[in-house]
Amino acid sequence: MAIGFLHGTLVFSVVVLCAAVGSSHAYAAVWFTTYGAGVLSGQEGDASIKTVQPYFSPTDLFKSTLVQPGVVSPVPTMPDFGYGALIARQNYDVKETSLAGATSPTEDAFVKHAEGMGDALPEYQRFVDAATSTIPASCNRAKLLTACNLAPGIYKASLANINSSLNDLNGQKYHVAPNEGGLLILVQEDPASTGTLAINYNVAAVPSAGSKRLVLVTNGRIAIGPNVGTAAPATQAAYLAREADIQAMLITTTTSDPSIDVLAGSTKSVKIEGPLIAKGKVRFRRNADAGIVKWPGVFVEFNPMYTTEFARLDSSMALFGPAAIKWTYD
Amino acid sequence: MINKNCQAGQALLLVLFAITLGLVSLVGVSMRTVTSTRRVFIDNAYYKAQAAAEAGAEAFLLKANRQLDTFLDSCGPTKLFTAQGFVSPLPAVCVANGSVVEFSESRAVVAVETYPASGEDTYEVSAPVNTALGINLVGADSGRVVEVCWQGTSSTSTDYAEILAFYYSEAGGGTFKLTQHKHTCYESLPWCSSSPPGSYSASAGVRDSKTHLGEYSCFDVPMTDTPYLLNLVALVNGATYKIKFAGHVPAQGYKITSIGEVKSGAATGGSLVSSSAARKKVVVARSNTPRLGLWFNFAAASETGELVAE
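Protein chains in written order, with our numbering: chain A, 1 to 330; chain B, 1001 to 1310.
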């Protein structure tokens, strides 16, 4: 009896000790990472790109770098520009935590200072002007993404209707009608609004949508709420393979601080399809500390589909406008 | 008596001389006025024709690619212009399509053709610093390479000339791929530094260009899957490019030729219709790929703000 009690106590003590050791490996800080492409900031001043990455062992799939090499074989030796680049107008502050808890700069793929950005985001009004697709009169405008089966195109909708439609995704996925083109673009039609475009639930496409995707364009803030995300899967490989929690491209032309805000309030890790484009600050506040395994609060996975489809779309919409190459007179 | 007659004759001569001088001056002033009026008229006609030509070109620059495509086959320059002026009558399909841009005292006739021209395999273009230049690869031959030759302005010791290449392709099944490369300039060229700075060594993904074409540094972009788009970003320097295709050459844009002409009776001072003074030509080449900007090549981007985990 006594021996049994002692044995039980010993086992309990070992379990507690292991748990304590395990939790000491947990990374209780906020960090983010990207996959498939890099990060760009045009902010003047210090630390325009700032994150502190946790320590990962060499055998881990995740790396401490901001741009993840992902699943490639053989195991890649970072850094390589092929995974993505960090472009900062001036300075950046990307560090990793060592086993001892100290931090040091990461060896990221490619870092470059770019003195000023030659390009500018299109004016918000250009998106509004280009939104010429018509929402059917029979469509419930509070359920644009679930009840209307909108075809790819550029549509105007009020912020209230966009938010209602996003809230309708609680337990549902969005629909895109099979038609030419790949992007269903919703543009907030009341540019003077100071409201926030609120994403409170995962934004995923129904399987029949295939590679078609949603694009949200606003002149206000974008807030991604605590319900968005997924509890961390069993392995890092499973994490990389799973679908994004937000299968949509987000564009905001506001310079509000922040322009895009991933809120804290849960330990779910948020996987977003990029490009994620803002005129102002982008803030990631999610802490997805899940114990021994370290997960990013935000994981932005670049989807090249958006870039190719925007280029294709512009052939008919002239949304971004082409560059005049040269003029000659005679 | 004789003296009085002589004095009268002299006075008459003086009067006649004064009258003659006045008439000559008057004629001179008159001719100068006519010449000046004529010159002003010619100047006005010149500027009206120039303005009409530019307005016609501007009107076509605003058209979307699909609209411009409708002009390519039937409304090229040879269908609209001859050495003597406009084709008369202008093809009805072009007039109906909008090739003629009318103004109150002038008009422009606008022709559209692809750029680069048929038979040319090289596309020449320039782009400002830190901007993304889009190269259309739709229809390019997969399995071949597109040769990118570029020339930047002189680098400083701390700003090594580099270029980023973002190659987009469709891999089938609705999936798309991005392949990224970075290249440094050909070391022996005067605008290129002698060697990459240590922090940008080969281990950082730098791929030195090993060939050059004159003053241009060159590298190849292998085209895999179904080629779609190539974005080029020259960092630190603005750049001029010579982009050479093997096999099919995808159209890179449109060459828009606009000829402005003053209409008959548009102004006093005589007719100048069909004279070179009243007809001006403007040619503008326009890309067919949108200027998406740097942002679309990054997972997360901010134009003016920071990206921070806090």
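Glycine residues also receive a C-beta, built at the ideal position from the N, C-alpha and C atoms.
A check of alpha carbon separations from Y1047 (chain B) across B:V1284, B:V1109, B:G1293 and B:E1261 identifies B:E1261 as the nearest. Judged by DSSP secondary structure, A1300 (chain B) falls within the beta strand (DSSP E) whose first and last residues are A1300 to S1302. Distance between P58 (chain A) and S64 (chain A), taken at the CA atoms: about 10 Å. Within chain A, the residues P304, T307 and T308 have their CB atoms less than 7 Å from the CB of Y1168 (chain B), given in chain order.
Nearest to I1256 (chain B) by C-alpha distance, out of B:L1090, B:P1116, B:R1291 and B:A1092, is B:P1116.
Here V1029 (chain B) is exposed: its Cβ has fewer than 16 other Cβ atoms, across all protein chains shown, within 10 Å. Residue environment: V270 (chain A) is assigned as buried (16 or more neighbouring CB atoms within 10 Å of its CB, all protein chains considered). Between the C-alpha atoms of M305 (chain A) and A1278 (chain B) there is a straight-line separation of about 50 Å. G280 (chain A) and T308 (chain A) do not touch by the CB rule: their CB atoms are close to 26 Å apart, not below 8 Å. One Cα belongs to V217 (chain A), the other to A192 (chain A), and the distance between them is close to 14 Å.
Neighbours of G274 (chain A) across chain B, judged by C-beta separation under 8 Å: F1298, A1299 and A1300. Following the DSSP letters along the chain, one finds A1111 (chain B) inside the beta strand (DSSP E) bounded by residues S1106 to Y1115. Sequence-distant partners of F1103 (chain B) (beyond 5 residues in either direction) whose C-beta falls short of 6 Å from its own C-beta, in its chain, are A1052.
Of all residues in the region 1225-1246 of chain B, the ones placed with a Cβ closer than 9 Å to any Cβ belonging to chain A are Y1228, L1229, N1231, V1233, L1235, V1236 and G1238, in chain order. Contact of T1020 (chain B) with chain A is not assigned, every C-beta pair being separated by 8 Å or more. Under the 8 Å criterion on CB atoms, G1260 (chain B) is classed as non-interfacial with respect to chain A. With respect to P275 (chain A), A1299 (chain B) sits close: the two C-beta atoms are nearer than 8 Å.
Two segments are said to touch when three or more pairs of C-beta atoms, one from each, lie closer than 8 Å; by this definition the region 1218-1236 of chain B does not touch the region 1094-1110 of chain B.
What D314 (chain A) touches in chain B, judged by beta-carbon distance under 7 Å, is P1290, going in chain order.
At a beta-carbon threshold of 8 Å, the residues of chain A lying near V1308 (chain B) are A47, I49, K50, T51, K281, V282, R283 and F284, ordered along the chain. Within the region 1051-1068 of chain B, the residues whose Cβ lies closer than 9 Å to any Cβ of chain A are, in chain order, A1053, E1054, A1057, L1061, L1062, K1063, A1064, N1065, R1066 and Q1067.
Going by C-alpha positions, G1152 (chain B) is about 8 Å away from A1234 (chain B). By the CB criterion at 8 Å, P1222 (chain B) and V1145 (chain B) fall inside the cutoff. Assignment of alpha helix (DSSP H) within the region 80-165 of chain A, counting only whole runs of 4 or more residues, yields 124-130 in chain order. In this structure the region 1213-1222 of chain B does not touch the region 112-128 of chain A; the number of beta carbon pairs closer than 8 Å is below three. At a cut-off of 8 Å between beta-carbon atoms, T1304 (chain B) makes contact with chain A. With contacts defined as CB atoms closer than 8 Å, L99 (chain A) and L183 (chain A) fail to qualify as a contacting pair.
Taking 8 Å as the CB threshold, A85 (chain A) lines the interface with chain B.
For N1136 (chain B), the three-state secondary structure derived from DSSP is strand.
Note that the C-beta distance between L1178 (chain B) and G36 (chain A) is below 8 Å. In this structure, L319 (chain A) sits near R126 (chain A), with a CB-CB distance shorter than 8 Å. Your pair V203 (chain A) and L166 (chain A) checks out as a contact, with CB atoms roughly 7 Å apart and the cut at 8 Å. The beta carbon of F1176 (chain B) sits closer than 8 Å to some beta carbon of chain A.
The Cβ of T146 (chain A) sits no closer than 8 Å to any Cβ of chain B.
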